[in-house]
Amino acid sequence: MTLPNPLSLDALLRNPHFTSLLANHPNDLKLSASSDSRVPEVWKEWWDWAGEYPGTSSEPAWISVVRAYCSSNEHLQSPPGFSLPEPLRELLLKVKDNELDRTPYNISEPVTPLRGMSPKKSHEVIRMTAYVKEILKRPEHAGVKHVVDVGAGQGYLSRALCDAGLHVLAIDGDDLQTEGAEKRIKASTAPSRKNRRGAASPAPQSSRGALTHKTAHITPEALEDTVSSWIEELDATRRPIPVFFVALHACGSLTPDIFRMFVSRASRKDGASLWTPAGACIVGCCYNLMSSAVDFPLSRAYECLPHLSEAHLQMAAQMPARWLDTPASRTAAELAIRKLVYRALLEAHLPPPSTEAAIESMNVSRANSGSKVYRPRGAPAPGPTTGSGTGVIHRRLGKLPDSAYASFTHFLACASERLGVPTEAPPEGDAWFRRTQSQVEVLHVLRCIMGPGIESAIVADRVAWLREALAQPCAEGEKWEVELVALFDQAAGSARNFAIVVC
229 MTLPNPLSLD
239 ALLRNPHFTS
249 LLANHPNDLK
259 LSASSDSRVP
269 EVWKEWWDWA
279 GEYPGTSSEP
289 AWISVVRAYC
299 SSNEHLQSPP
309 GFSLPEPLRE
319 LLLKVKDNEL
329 DRTPYNISEP
339 VTPLRGMSPK
349 KSHEVIRMTA
359 YVKEILKRPE
369 HAGVKHVVDV
379 GAGQGYLSRA
389 LCDAGLHVLA
399 IDGDDLQTEG
409 AEKRIKASTA
419 PSRKNRRGAA
429 SPAPQSSRGA
439 LTHKTAHITP
449 EALEDTVSSW
459 IEELDATRRP
469 IPVFFVALHA
479 CGSLTPDIFR
489 MFVSRASRKD
499 GASLWTPAGA
509 CIVGCCYNLM
519 SSAVDFPLSR
529 AYECLPHLSE
539 AHLQMAAQMP
549 ARWLDTPASR
559 TAAELAIRKL
569 VYRALLEAHL
579 PPPSTEAAIE
589 SMNVSRANSG
599 SKVYRPRGAP
609 APGPTTGSGT
619 GVIHRRLGKL
629 PDSAYASFTH
639 FLACASERLG
649 VPTEAPPEGD
659 AWFRRTQSQV
669 EVLHVLRCIM
679 GPGIESAIVA
689 DRVAWLREAL
699 AQPCAEGEKW
709 EVELVALFDQ
719 AAGSARNFAI
729 VVC
C-alpha cells in the first residue's frame, strides 16, 4: 500500500481550516442567539451556507457534506456534483488525497461462522486467522509454529489460531479477561447437546496446537520477559524458536510498544537466544489512549508532522464514510449527531446565572465529573488540550440515555434535572435554533471527516518507522518486509481495519 506523501500530509495537518476545526469543539463555541457567533473567520462561507441550507433541500446540510466526502474526487471536483462552498470542496479534496486506501485485502479463505461472537468479531477473527495462516505458509516461514497474542482479551483469536495447529501464548493485562478466556475454553471443549446449525465444530484434538494464558502488565520489557518464560517452559529441542506476534486491537500505546520490543529483539545477534521474532501482524485501536508526546511522530520520514492534540486522537477513530451505508447505520449516525448538537446548544438555553463558574461552585464530586484520560507511561500530549469539549457543564451533565435526546425540549428537561438549574426551551420552529442546529451538525461532521486523515498519519508513521528500524538484514542477508494491509472491511463494523505486518 502506498503511504501518503509526508509533505502533503504535513500541509494538511497544518492547514488553517483543518487546525481550526480540530481546535474548536462545538461544546466550546458558547453559541448564543443574543451574541455574535464565536466562529473562526475561515469558516464563514460554509457556516453561512449551512445556516441557510434547510430551506433549500429535504435533506439536512450534513448529509450533503457526507455524500460529497464519499463521492469520487472527479465528482467532487465537478461543480454540478455538489452545491458545496468552494473552501469546503477544497478541504474535502485535500483530506481525501491524504487518506490511505481502505479496500479490504483479498483473502481466499472459506468463511465459516464462529460460535459465541458478534458478526464483527467473527469477521475479524476469521480474516486475521486466515491471513496469519497465509503468511506462515510462505517458504521463509516454514517451521513457525509459535504465536504470541498480545492483549488477547477473551481469547477469541488465540483459540482460532490454536485450532489452526499453532502453539499460542495469550497475554493480557487483566486477570478477569484471562479468567474469562480460560472459562470459554472449558465451555467450548465440553460436550454439547447440539452444534448450532452452520457453525464450525471445534477442531479435532490431534490437529490443535497448545494454548497458554498469562497475565502481565504489558511493556516492551515485560512482553519480552513473558515470552522468554513461556519458551523456557516448552519441551522443545530446537533453539532459537521462531515466534510470530499478533494483536487484534492493540490499544493506545500498546502497538508501538509491541514493535519496540520486536525491533530490540530482532536487532540482537545472540546465537544463544531461546527465541527470535519471526514476524508480526498487529491491528491497533484507541488512538485517544496513546501518548502522542512519545508515540508520534516516530519515524524520520514523517518527523515533519506536528504533534497531535487530544482532539486529533479522538477524531482519528471516526469512519464517516460508512454512516450512510444502511438505514441502521444512518439512524445511528443521526442519533450521535443529535446528541452532539443538543449538548452544544445547551448553554444557550440556561439562564444567565448558570455559567460554568456557577455550575463549578455546585457539588461536582459526582462520579461523572471524575473522568480521566489514561495515558500510558504518564506522558501527556504537549500543549493545552483544545477541542475536547469537556467543560464544567458537560462534565457535570455526564452521560444521558438515548431516550433523553428524543427532542430538544425533552433533552433540556433531562439536563435541567441533572444540573439542578432551570432551562429555557426555544419556541416551536425558532429560526435561530434551526439555523444553528444545521451549522453545528456540519461542524461536527467536518471534524469527523478529518479523522481518517489523522489515522492515516498515525499508521503511515508507524510503518515508516518500522521500515527504518528494521532496515538491517535479519539473518543470512534476508531483510524484513513491513507492509500495511487493510485486513478488515469497515462495512462489517471493523472501524480499525489496518494491520501493520512484518515478515
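The numbering of the sequence shown is the numbering used here, which starts it at 229 and goes up by one. Cβ coordinates follow ideal geometry from the N, Cα and C atoms, glycine included. Given the structure is predicted, the values throughout are model-derived calculations rather than measurements.
key: Proximity below 8 Å, CB of Val673 to CB of Val294   = Here residue 673 refers to the residue found at position 445 of the sequence shown. Here residue 294 refers to the residue found at position 66 of the sequence shown. In contact: Val673 and Val294 (Cβ atoms closer than 8 Å).
task = Tell me whether His622 is buried or exposed, calling it buried when 16 or more other Cβ atoms sit within 10 Å of its Cβ.
result = In the sequence shown, counting from the first residue as 1, residue 622 sits at position 394. Answer is buried; the Cβ neighbour count reaches 16.
key: Between the CA atoms of Ala398 and Asp463 - distance to the nearest angstrom   = Indexing the sequence shown from 1 puts residue 463 at position 235. Indexing the sequence shown from 1 puts residue 398 at position 170. Near 18 Å, if we compare the C-alpha coordinates of Ala398 and Asp463.
ask   = In the structure shown, what three-state DSSP assignment does Gln727 receive?
value = As a first step, residue 727 is located in the sequence shown; it is residue number 499 there, counting from the start. What sits at residue 727 in the sequence shown is Ala, not Gln. If DSSP states are grouped into helix, strand and coil, Ala727 belongs with the strands.
inquiry  = Using only the alpha-carbon positions, how far apart do Tyr602 and Gly480 sit?
reply    = Walking along the sequence shown from the start, residue 602 turns up at place 374. Walking along the sequence shown from the start, residue 480 turns up at place 252. Confidence at Tyr602 is low in this model, with a pLDDT of 27, below 50, so the placement of that residue should be treated as unreliable; the coordinate-derived value is given next. Looking at the two C-alpha atoms, the distance is approximately 9 Å.
query = Closest by CA to Asp453, which one among Thr504, His577, Ala564?
reply = Counted from its first residue, the sequence shown places residue 453 at position 225. Taking only the C-alpha atoms, the option nearest Asp453 is Thr504.
request  = Just mark Arg724 as buried or exposed, buried being the case when its beta carbon has 16 or more other beta carbons within 10 Å.
outcome  = Your numbering for residue 724 matches position 496 in the sequence shown. Buried: at least 16 other Cβ atoms inside 10 Å.
message = Once the 5 residues before and after Ala494 are set aside, which same chain residues still bring their CB inside 8 Å of it?
response = Within the sequence shown, the letter at position 266 stands for residue 494. Thr504, Pro505, Leu698, Cys702, Trp708.
key: Identity of the residues DSSP links to Leu397 by a beta bridge   = In the sequence shown, residue 397 corresponds to position 169, counting from 1. According to DSSP, which records beta bridges pairwise, Leu397 is partnered with Val376, Thr440.
query = How would you call Lys365, buried or exposed, if buried means at least 16 neighbouring beta carbons within 10 angstroms?
reply = Here residue 365 refers to the residue found at position 137 of the sequence shown. Burial call: exposed.
inquiry  = Check for me: the beta strand (DSSP E) holding Glu711 runs from which residue to which?
reply    = What you label residue 711 is simply residue 483 of the sequence shown in a count that begins at 1. 710-714 is the span of the beta strand (DSSP E), which, as asked, contains Glu711.
ask   = In angstroms, rounded to a whole number, what distance separates the CA positions of Phe661 and Val668?
value = In the sequence shown, counting from the first residue as 1, residue 661 sits at position 433. In the sequence shown, counting from the first residue as 1, residue 668 sits at position 440. C-alpha separation (whole angstroms): 10 Å.
ask   = Which whole-angstrom value is the C-beta distance of Ile203 and Ile363, which I expect to be below 8 Å?
value = Nothing about residue 203 can be read from this structure; the chain reaches only from 229 to 731.
As assigned by DSSP and simplified to three states, the class of Ile335 = Counting from 1 along the sequence shown, the entry for residue 335 is found at position 107. Of the three classes helix, strand and coil, the one that applies to Ile335 here is coil, per DSSP.
query = Do Glu696 and Arg528 come within 8 Å of each other at the CB atom, strictly closer than that value?
reply = Reading the sequence shown from its first residue, position 300 is the one you call residue 528. Reading the sequence shown from its first residue, position 468 is the one you call residue 696. Yes, these two residues count as a Cβ contact at 8 Å.
query = Just the Cα atoms here: how many angstroms apart are Gly721 and Glu269?
reply = Within the sequence shown, residue 721 is the residue found at index 493, counting from 1. Within the sequence shown, residue 269 is the residue found at index 41, counting from 1. Cα to Cα, the separation comes out at about 37 Å.
query = In terms of residues, what are the limits of the alpha helix (DSSP H) holding Pro579?
reply = Here residue 579 corresponds to residue number 351 of the sequence shown, with the count starting at 1. Where Pro579 is concerned, there is no enclosing alpha helix (DSSP H), given that its DSSP letter is neither H nor E.
message = In whole angstroms, give me the CA-to-CA distance for Val620 and Pro655.
response = Mapped onto the sequence shown, residue 620 falls at position 392. Mapped onto the sequence shown, residue 655 falls at position 427. Rounded to the nearest angstrom, the two C-alpha atoms are 27 Å apart.
task = Rounded to whole angstroms, what's the CA-CA distance from Thr733 to Leu235? Just pull it up for me.
result = Residue 733 lies beyond the residue range present for the chain, which begins at 229 and ends at 731; the question has no answer from this structure.
query = Which residues does DSSP pair with Pro505 in a beta bridge?
reply = Mapped onto the sequence shown, residue 505 falls at position 277. BP columns for Pro505 point to Val471.
inquiry  = Distance check for Phe639 and Ala438, CA to CA, integer angstroms please.
reply    = Here residue 438 refers to the residue found at position 210 of the sequence shown. Here residue 639 refers to the residue found at position 411 of the sequence shown. Ala438 and Phe639: Cα-Cα distance of roughly 53 Å.
task = Spatial neighbours of Ser492 within its chain, please: CB distance less than 8 Å, with the 5 preceding and 5 following residues excluded, ordered by chain position.
result = In the sequence shown, counting from the first residue as 1, residue 492 sits at position 264. The answer, listed in chain order, is Pro448, Glu452.
query = If you drop the 5 nearest sequence neighbours on each side, which residues of the same chain put their C-beta closer than 6 Å to that of Arg646?
reply = For the purposes of this step, residue 646 is taken as residue 418 along the sequence shown, with counting starting at 1. Contacts found: Leu625.
ask   = Can you give the Cα-Cα distance for Leu250 and Cys642, rounded to whole angstroms?
value = Position 22 of the sequence shown, counting from 1, holds the residue named residue 250. Position 414 of the sequence shown, counting from 1, holds the residue named residue 642. Roughly 29 Å separates the two Cα atoms.
query = DSSP on Val601, reduced to helix/strand/coil?
reply = Working through the sequence shown from its first residue, we reach residue 601 at position 373. Here Val601 scores only 33 on pLDDT, less than 50, and its place in the model is too uncertain to base an answer on.
task = If I'm right that Trp274 touches Pro232 with Cβ under 8 Å, what's the distance once you round it to whole angstroms?
result = As a working mapping, residue 274 is identified with position 46 in the sequence shown. As a working mapping, residue 232 is identified with position 4 in the sequence shown. That pair is no contact at about 25 Å.
request  = Report the three-state DSSP secondary structure of Val649 (helix, strand or coil).
outcome  = Start at 1 with the first residue of the sequence shown, and residue 649 comes out as number 421. Coil.
key: Where the alpha helix (DSSP H) through Cys676 begins and ends   = Position 448 of the sequence shown, counted from the first residue, corresponds to residue 676. 659-697 is the extent of the alpha helix (DSSP H) around Cys676.
query = Would you call the CB atoms of Phe487 and Val375 closer than 8 Å?
reply = Here the question's residue 487 lines up with position 259 in the sequence shown. Here the question's residue 375 lines up with position 147 in the sequence shown. No, these two residues do not count as a Cβ contact at 8 Å.
Helix, strand or coil at Gly512 according to DSSP, with G and I counted as helix = Here residue 512 refers to the residue found at position 284 of the sequence shown. It is a strand residue.
key: Helix, strand or coil at His638 [DSSP, three-state]   = Here residue 638 is taken as the residue at index 410 of the sequence shown, counted from 1. Reduced to three states, the DSSP call for His638 is helix.
query = So, using beta-carbon positions, are Tyr297 and Pro534 closer together than 8 Å?
reply = Start at 1 with the first residue of the sequence shown, and residue 297 comes out as number 69. Start at 1 with the first residue of the sequence shown, and residue 534 comes out as number 306. Their beta carbons are not under 8 Å apart, which means Tyr297 does not touch Pro534 by this criterion.
query = Would you call the stretch 513-530 and the stretch 539-548 touching, i.e. three or more CB-CB distances under 8 Å?
reply = yes
message = Rounding to the nearest angstrom, what Cα-Cα distance links Pro470 and Trp271 in this structure?
response = If you number the sequence shown from 1, residue 470 lands on position 242. If you number the sequence shown from 1, residue 271 lands on position 43. If I take the Cα positions, the gap works out to 55 Å.
request  = Take the Cβ of Leu563 as the centre, count every other Cβ of all protein chains shown within 10 Å, and call the residue buried at 16 or more, exposed below.
outcome  = Mapped onto the sequence shown, residue 563 falls at position 335. Classification for Leu563: exposed.
query = Can you name the start and end residues of the alpha helix (DSSP H) that Pro254 belongs to?
reply = Taking the sequence shown and counting its residues from 1, one reaches residue 254 at position 26. Unbroken run through Pro254: none, as it is neither H nor E.
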